[in-house]
Amino acid sequence: MSITRIVPVVLGGDVGAYAIGRSFHEAFGTQVVCVASAPTEVITRSQIFSVHPVPSGTRDQALIDELLEIAQGHPGAHCVLMANTDMHVDLITRYREQLEPHYVLPFPPADVVATVSDKQSFAEVCDSLGIKTPKSVTVSLADPAEGQWQAPPIALSYPVVAKTAKGAPYDAVDFPGKRKIYFFETAAELAELWQQLRQAGFRDDFIVQELIPGDNSAMRSITAYVDSHGEVTLLGSAHVLLEDHAPTMVGNPVAMITKEMPELWDDARRFLEATGYRGFANFDVKIDPRDDTPYFFEVNPRIGRNSYYMTAAGHNPLTVMVADLVGGERVRPRTVTREILYSLIPIRLLKRYLRDPRLKREVSALARAGRVVDPLRYPADRPARRRLMVELQRLNHVRKFLKYYPKPTQSSF
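Heads up: the sequence shown is residues 1 to 413, going by UniProt numbering.
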């Protein structure tokens, strides 16, 4: 396999897209094509990316045509298509038949995506395997066959958490105060959300869940790759320290420490094998501080926004995938064992929000040892203006945290 024949194409232009591009560049030394309407400046000013702009609101088939045109512009190359949002994974899944002759697609089959992306069916699979998930109620906001829509009773104790059952339908609507995840202390607050969703035209399912105690540091991230033979050939995980608190970014980790988590890996592996999974997967898990019980929240059928923690800890997930889908190799299963601190924010800001002294000491020790990684701080990506934008972006996190999460709380809400 000639690495010069790899052409990575990334749908989307955010921090996660840059992280994927960096991992490709580190592994294969190749330039990455970014397909996006408004990519971040850390991509537009990057020397490892070429940007293929598409107008905002481009129709699905038109976007697919753009992707096919890019592939046709690289005859004989192995074009690898990556994406990191629910909306783009949904697009790739629906148009897989058109894309597959031209692209390597490290995503699960359509039926598997449908099963794992829906939080209700995800919970049903987990239950059948003895994997715990939070108690939840699914609320359909679809128009009833007769009469007016009415909110069903929620048989859960407040406070509760609410979030969309499937990402793609929720991505398609917009309204004031839209958030990725909601926290409600009363039924009246929840009723207001139903009204907002209905008025915005949302007609899919929403999930209301019991609140599992603990702040952001109770969260864990698991990243996996399942090869074309159905074998889980890569597993790694990280202890989340802090998540973003901007309304549309809530739940996205901004700092984490890679850790071995064999018991959680076993649960993730059983889930992936039971569902006939292929490609990349990223699990969100929360550890209940009352008894250390792990609760699996969801699996994203993609590599994950913060996938670079795998590369930084010594196992680039893209080399495993390319060896499988391009090289046709059977890769020996591997796990990530090296500890590194992955952080998109200044260390001083991070430590301000850590309530556990033990975690503060771990952060300090890794910082002293020089084992801190920010995927955007890539020495091989040299343009001075881009480097300046990266530092300004890090500082902007200070402003955002002071605005949306001025001081740490027990629940991080």
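Even for Gly, the Cβ is constructed at its ideal location relative to N, Cα and C.
Residue interval of the alpha helix (DSSP H) (run including Lys403): Unbroken alpha helix (DSSP H) run through Lys403: Ala384 to Tyr404.
Candidates Lys259, Leu235, Leu392 and Arg377: closest to Arg270 by CA position: Relative to the Cα of Arg270, the nearest Cα in the group Lys259, Leu235, Leu392 and Arg377 belongs to Leu235.
One or two residues paired with Asn300 in a DSSP bridge: For Asn300, the pairing in a beta bridge is given by DSSP as Asn282.
Alpha carbon of Arg22 to alpha carbon of Val35, nearest angstrom: Rounded to whole angstroms, the gap between the alpha carbons of Arg22 and Val35 is 15 Å.
Alpha carbon of Met1 to alpha carbon of Glu66, nearest angstrom: At Met1 the pLDDT is 44, less than 50, meaning the model places this residue with poor confidence and gives no usable figure here.
Backbone secondary structure at Gly21 - three-state DSSP: Gly21: helix per DSSP, three-state reduction.
Per-residue DSSP class, three states only, for Ser2: Residue placement at Ser2 cannot be trusted, given a pLDDT of 45 that sits under 50; what the coordinates show is reported in the next sentence. Under the three-state reduction of DSSP output, Ser2 falls in the coil class, being neither helix nor strand.
Between the CA atoms of Ala224 and Arg330 - distance to the nearest angstrom: Spanning the two alpha carbons is a distance of roughly 16 Å.
Chain C within 8 Å of Pro169, Cβ atoms only: Included in the structure is just one protein chain, with no chain C present.
6 Å Cβ shell around Val113 - same chain, five flanking residues per side excluded: Spatial neighbours of Val113 in its own chain (CB-CB distance under 6 Å, excluding positions within 5 residues in sequence) are listed in chain order as Thr93 and Pro301.
Cβ contact (3+ pairs, closer than 8 Å) linking the stretch 46–62 and the stretch 349–366: Flag = no, the stretch 46–62 and the stretch 349–366 do not touch.
Separation of Asp292 from Pro101, as counted between CA atoms: In a straight line, the C-alpha of Pro101 is about 46 Å away from that of Asp292.
Pick from Val104, Phe49 and Tyr95 that is closest to Gly76, judged by C-alpha positions: For the options Val104, Phe49 and Tyr95, the alpha carbon positioned closest to that of Gly76 is the one of Val104.
Segment contact, 8 Å Cβ cut-off, at least three pairs: the stretch 207–218 with the stretch 304–324: Output reads no: the stretch 304–324 does not touch the stretch 207–218.
Asp127 versus Phe296 - alpha carbon distance: Whole-angstrom Cα-Cα distance: 10 Å.
Bridge-paired residues (DSSP) for His245: Partner(s): none; His245 has no beta bridge.
Unbroken stretches of the beta strand (DSSP E), 3 residues or longer, contained in the stretch 198–278: The qualifying runs are 205–210, 219–226, 232–243 and 253–258.
Status (buried if at least 16 other CB within 10 Å, exposed otherwise) for Tyr404: Under a 10 Å Cβ-count criterion, Tyr404 is classified as exposed, with fewer than 16 other Cβ atoms of the shown protein chains found around its own Cβ.
Beta-carbon proximity check, Leu272 vs Val42, cutoff 8 Å: No, these two residues do not count as a Cβ contact at 8 Å.
Proximity below 8 Å, CB of Pro8 to CB of Thr30: In this structure, Pro8 places its C-beta atom within 8 Å of the C-beta atom of Thr30.
C-beta atoms of Leu211 and Pro159 nearer than 8 Å: Yes, Cβ-Cβ distance for Leu211 and Pro159 is below 8 Å.
Pairwise C-alpha distance: Ala162 and Ile207: Rounded to whole angstroms, Ile207 to Ala162 spans 6 Å at the Cα level.
Continuous beta strand (DSSP E) stretch holding Thr30: start and end: Judged by DSSP secondary structure, Thr30 falls outside any beta strand (DSSP E); it is assigned neither H nor E.
Close-in-space but distant-in-sequence residues of the same chain around Phe183 (CB under 7 Å, 5 per side omitted): Closer than 7 Å at Cβ, skipping near neighbours: Pro159, Val161 and Phe413.
Unbroken alpha helix (DSSP H) run spanning Phe122, endpoints: Looking at the DSSP string, the run of the alpha helix (DSSP H) that includes Phe122 is Lys119 to Ser128.
Alpha carbon of Asp227 to alpha carbon of Asn282, nearest angstrom: Just so you know, the alpha carbons of Asp227 and Asn282 end up roughly 15 Å apart.
Check whether Val232 and Ile345 have beta carbons under 8 Å apart: Taking 8 Å as the Cβ cut-off, Val232 and Ile345 do not qualify as a contacting pair.
Closest by C-alpha distance to Ala238, when choosing among Leu99, Val250 and Ile222: Ranked by Cα distance from Ala238, the options Leu99, Val250 and Ile222 are led by Ile222.
Alpha helix (DSSP H) segment containing Thr138, residue limits: Counted as a single uninterrupted DSSP element, the stretch harbouring Thr138 is not any alpha helix (DSSP H) but the beta strand (DSSP E) occupying residues Ser136 to Ser140.
Rounded C-alpha distance that separates Glu189 from Ala168: Rounded to whole angstroms, the separation of the alpha carbons of Ala168 and Glu189 is 24 Å.
Host alpha helix (DSSP H) of Ala168 (start-end): Element bounds for Ala168: Gly167 to Asp171.
Close Cβ partners of Pro408 (< 7 Å) along its chain, the five nearest in sequence each way excluded: Take Pro408, set aside five residues on each side of it, and the residues of its chain with a beta-carbon closer than 7 Å to its own are Asp215, Tyr353 and Arg355, in chain order.
Within 8 Å, strictly: CB atoms of Gln209 and Ser117: No Cβ-Cβ contact shorter than 8 Å links Gln209 with Ser117.
Nonlocal neighbours in the same chain, by C-beta distance under 8 Å from Gly177, ignoring five residues either side: Only Gln196 and Pro247 meet the Cβ criterion.
Helix, strand or coil at Ser50 [DSSP, three-state]: Reduced to three states, the DSSP call for Ser50 is strand.
Residues of its chain near Gln410, where Cβ-Cβ distance is below 7 Å and the 5 sequence neighbours each way are ignored: For Gln410, where only same-chain residues beyond five positions count, the Cβ hits under 7 Å are Asp215.
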